[in-house]
Amino acid sequence: MSAVVALPHEPIEEWKLPSRGIVGMACLIVAESAIFIIFVVAYLFYIGKSLTGPTPREVLEIPWFASVCLLSSSITVHFAVHSLRSAKVNLCAVWLAATVLLGGIFLAATAMEWYDLIYHFGLTVRTNLFGTTFYSLVGLHASHVLVGLFMLGLTLVFALMGKVNQHHAERLEVISIYWHFVDAVWIVVFTVVYIVGR
Amino acid sequence: MATQIQVTVSPALRRDWLYHVQDWVTTVDHKKIGLMYIAYALIFLVIAGAEALLMRIQLAVPNNTFVAPQTFNRLFTMHGTTMVFFVGMPILFGFGNYLVPLMIGARDMAFPRLNAFSFWVAAFGGLLLYFSYFAGSGLYGAGTAPDVGWFAYAPLTARVFSPGHSTDYWTLSILISGIGSIGTALNIVATTLCMRCPGMKLSRMPLLVWLYLVVSGLVFVTISPLTAAQIMLLIDRYLGGHFFDTQAGGSAVLWMHFFWIFGHPEVYILVLPAFAFANEIIPVFSRKAIFGYPAMVAASVGIGFVSLSVWAHHMFTVGMGAGPNAFFTFSTMVISVPTGIKIFNWLATLWGGNIHFTTPMKFAIGFLFQFLVAGLTGIMLSVSPFDWQLGSSYFVVAHFHYVLVGAILFMIFSAFYYWYPKMTGRMLSEKLGTWHFWLFIIGFHLTFDFMHIPGILGMPRRIYTYEADRGWEIWNLIVSSGAIFQTIATLIFVYNLVASYFKGEKAGPDPWDAWTLEWSTSSPPPSYNFAIIPTVESRRPLWDRKHPEEPDAHYE
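Chains as they are written, first to last, in the working numbering: chain A, 33 to 230; chain B, 1101 to 1656.
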């Protein structure tokens, strides 16, 4: 190769590229959305096609309280990121604890709902198409809540141990984006399962 | 004394050997991971190629009993699944892994550890699929590979119709390799958007990188639906669910939709990297810059979007009704527009160029011609009434093999001859390459040109044998004889890869006098790729360096 010659060129303006953490999480969210879309389509397609009972109208109750808890946890996680950015680590830990608590309430409510459905109404994955699609879609979402709670809980533990500082704000933001996604998916699942499907 | 030497030398040697194994197993270097992807894909290419050869021996003459019907079902299932998931995807991801960071002037991928994880999880998927040969019947210890076909239509995959574990191995291996694919795609997007060297604007990125960006975007929205469908199938098989259980109101057609929502964009996931190689190789050997760079980018993005709306042309014979048939015929025809733009741009790049017929260029020219023919039979099949006649016949098999072999595999061979010097520091033998090209192109045309004819004469796909009075015998014999040429050519290629590694001509950093950044570093590149992160001013940074008196930047 010939010798490198300095070219007369205009000075390159400041070279700024997006954060790879946020881009990576955005990609994951696109991929996860596609998975959810397929499960939602299957749910919608099979509404009313069960050959035997129980039907959604007979057994499902609208989980208002749990939904409000989950959706408000989006606000608390936002404040957690915000306070970490301005270096208020203790405040961040408080907001994180609130987020984990609200998410935990949501999961507990789902667990109680499932207990009821299984033991009082005898609805399992095997019972009918409603059971198959309901447990798959709600379970897929619940497993995402579980993953989110694990990550937030871990951050909370680190914060309490004093190992989190302002420089970690962007990483916490990546987790918070995931958590907002989980909440947004719940709006769709809630609408499909408890409003349209009932 | 002698024993003492033995004692001291052999552990040292062993440690040396172990050191190399450990080095490769624990590496997070994008180049090493890329090479492992490629090596792993080549091993599976040979295995799945051998399966194809066995099938062609069985079909060479009527009433043949070379393999049993059950074995034949396993062969075509394993051949299809392996070629798509464990040859096509990994080889393309391998080249992407190797080339994308080098071409954008980065030192590694955005997430090196995720990269290693994606590779190993995908490799595990492939092993799991073949482990079914030993464990497909579970505790009975009798091996049965999956035999449900590569698109595994319901309700054949239900527990009742596919007892044992062979179908579970199929489902799990695809599910697992899908996780790896999504990880790698995520990595490629993050690398492309966040790791470019100064001056490497999106409008200056090599077209290969652009195409890998589109492919990775497609992976998110196509592999994920497949993953979802596989989860549903697992729920059906293990938890007694009813997603695809027609006895309980479930729908077999829903599986078809979910599978082909993955299945058709998957074709574009495989063919766009082939386009990507052509975009780099054709200009270099025409000694001209690519014609119509913005049109090429637009066409690639356009193909990405349109490819999401054509899936049900695989289902014309299901009976979807006039509306869907018309829509999917239309959308399938529309996709030939951006593809046509690409072909014209490649031709315009060749036009008036100083064409060098090196081995990579020969394969690229073969690709251009064969991809055009494959596209033409594709337009024929997009017409739904025509498809009703020839759906699930050997005409369809010939059509998609024309794409997969005639276009994609030819461009993969071309890419090997083009980038092997960069990866190893040695040139592949041009003489053996010429033999490889001519034998392969003869074998290819014998097999896949003549395969259209038994299809038109009514020979259905996936039959293990046929009667002698159908008029298919001579065509099948010709088709099978072509397979022999292709096998010999592939063996020459493998020999060339191995022999040239040890005694090939030294390549130097830039053997082709090319223009993209990977040729500015040594061959093979050091683990950090670039001692100084480069700065670019145009789409052909090396042209600018070699011709400072007339840099590209003045004309873009």
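Glycine included, C-beta positions come from ideal geometry on N, C-alpha and C.
This structure is a prediction, so every number in the text was calculated from the model and none was measured.
Spatial distance of residue i from residue j (CA atoms)
{"i": "residue 1244(B)", "j": "residue 1204(B)", "result": "46 Å"}
{"i": "residue 1645(B)", "j": "residue 1353(B)", "result": "58 Å"}
{"i": "residue 1652(B)", "j": "residue 1640(B)", "result": "7 Å"}
{"i": "residue 1235(B)", "j": "residue 1217(B)", "result": "25 Å"}
{"i": "residue 68(A)", "j": "residue 224(A)", "result": "12 Å"}
{"i": "residue 1405(B)", "j": "residue 1433(B)", "result": "14 Å"}
{"i": "residue 1142(B)", "j": "residue 1656(B)", "result": "39 Å"}
{"i": "residue 1345(B)", "j": "residue 1270(B)", "result": "19 Å"}
{"i": "residue 84(A)", "j": "residue 166(A)", "result": "15 Å"}
{"i": "residue 1362(B)", "j": "residue 1369(B)", "result": "10 Å"}
{"i": "residue 1570(B)", "j": "residue 1479(B)", "result": "28 Å"}
{"i": "residue 1241(B)", "j": "residue 1175(B)", "result": "Because residue 1241(B) carries a pLDDT of 48, less than 50, the predicted location of this residue cannot be relied on, and the following value inherits that uncertainty. Near 20 Å, if we compare the C-alpha coordinates of residue 1175(B) and residue 1241(B)."}
{"i": "residue 1526(B)", "j": "residue 1139(B)", "result": "17 Å"}
{"i": "residue 169(A)", "j": "residue 1424(B)", "result": "27 Å"}
{"i": "residue 1635(B)", "j": "residue 1304(B)", "result": "12 Å"}
Listed by chain order, chain A residues near residue i by CB distance under 9 Å
{"i": "residue 1617(B)", "result": "Here the premise fails: no neighbours, minimum Cβ distance about 12 Å."}
{"i": "residue 1217(B)", "result": "Going along chain A, no residue has its Cβ under 9 Å from residue 1217(B), so there is no contact; the nearest lies around 13 Å."}
Proximity below 8 Å, CB of residue i to CB of residue j
{"i": "residue 52(A)", "j": "residue 1422(B)", "result": "no"}
{"i": "residue 1511(B)", "j": "residue 1467(B)", "result": "yes"}
{"i": "residue 1288(B)", "j": "residue 1312(B)", "result": "yes"}
{"i": "residue 184(A)", "j": "residue 128(A)", "result": "yes"}
{"i": "residue 1315(B)", "j": "residue 1373(B)", "result": "yes"}
{"i": "residue 1355(B)", "j": "residue 1328(B)", "result": "no"}
{"i": "residue 1481(B)", "j": "residue 1490(B)", "result": "yes"}
{"i": "residue 1545(B)", "j": "residue 1592(B)", "result": "no"}
{"i": "residue 130(A)", "j": "residue 108(A)", "result": "yes"}
{"i": "residue 1517(B)", "j": "residue 1459(B)", "result": "yes"}
Chain B residues whose Cβ lies nearer than 7 Å to that of residue i
{"i": "residue 50(A)", "result": "1293, 1294"}
{"i": "residue 130(A)", "result": "Within chain B, no residue comes near residue 130(A); the closest Cβ sits about 30 Å away, beyond 7 Å."}
{"i": "residue 161(A)", "result": "1342, 1348, 1349, 1350"}
{"i": "residue 47(A)", "result": "1298"}
Reduced DSSP secondary structure (H/G/I, E/B, other) of residue i
{"i": "residue 81(A)", "result": "coil"}
{"i": "residue 1526(B)", "result": "strand"}
{"i": "residue 1560(B)", "result": "strand"}
{"i": "residue 1606(B)", "result": "strand"}
{"i": "residue 1493(B)", "result": "strand"}
{"i": "residue 1151(B)", "result": "helix"}
{"i": "residue 1644(B)", "result": "helix"}
{"i": "residue 1479(B)", "result": "helix"}
{"i": "residue 1542(B)", "result": "helix"}
{"i": "residue 1433(B)", "result": "helix"}
{"i": "residue 52(A)", "result": "helix"}
{"i": "residue 1629(B)", "result": "coil"}
{"i": "residue 151(A)", "result": "helix"}
{"i": "residue 1297(B)", "result": "coil"}
{"i": "residue 201(A)", "result": "helix"}
{"i": "residue 69(A)", "result": "helix"}
{"i": "residue 92(A)", "result": "coil"}
{"i": "residue 145(A)", "result": "helix"}
{"i": "residue 1163(B)", "result": "coil"}
{"i": "residue 1582(B)", "result": "helix"}
{"i": "residue 1315(B)", "result": "helix"}
Closest Cα partner of residue i within the set the options
{"i": "residue 161(A)", "options": "1347(B), 1286(B), 1654(B)", "result": "1347(B)"}
{"i": "residue 1159(B)", "options": "1582(B), 1443(B), 1256(B), 1302(B)", "result": "1582(B)"}
{"i": "residue 86(A)", "options": "130(A), 190(A), 159(A)", "result": "159(A)"}
{"i": "residue 1338(B)", "options": "1272(B), 1298(B), 1384(B)", "result": "1272(B)"}
{"i": "residue 126(A)", "options": "101(A), 210(A), 187(A), 62(A)", "result": "187(A)"}
{"i": "residue 1310(B)", "options": "1442(B), 1400(B), 1564(B), 1637(B)", "result": "1400(B)"}
{"i": "residue 1366(B)", "options": "1393(B), 1333(B), 1317(B), 1343(B)", "result": "1317(B)"}
Partner residues on chain B for residue i, Cβ-Cβ distance less than 9 Å
{"i": "residue 164(A)", "result": "1332, 1335, 1336, 1339, 1340, 1341, 1342, 1343, 1345, 1348, 1350"}
{"i": "residue 71(A)", "result": "1328, 1331, 1332"}
{"i": "residue 81(A)", "result": "1349, 1350, 1351"}
{"i": "residue 157(A)", "result": "1335, 1339, 1340, 1341, 1342"}
Amino acids of chain A, ordered along the chain, whose beta-carbon sits closer than 7 Å to that of residue i
{"i": "residue 1282(B)", "result": "63"}
{"i": "residue 1320(B)", "result": "59, 62, 63, 66"}
Chain A contact residues for residue i, given Cβ-Cβ distances below 8 Å
{"i": "residue 1325(B)", "result": "66, 67, 69, 70"}
{"i": "residue 1210(B)", "result": "52, 55, 56"}
{"i": "residue 1290(B)", "result": "52, 55, 56, 59"}
{"i": "residue 1354(B)", "result": "74, 77"}
{"i": "residue 1286(B)", "result": "56, 59, 60, 63"}
The ligand SAH heavy atom lying under 7 Å from the CB of residue i
{"i": "residue 1146(B)", "result": "The ligand SAH is not among the ligands present in this structure, which contains no ligands whatsoever."}
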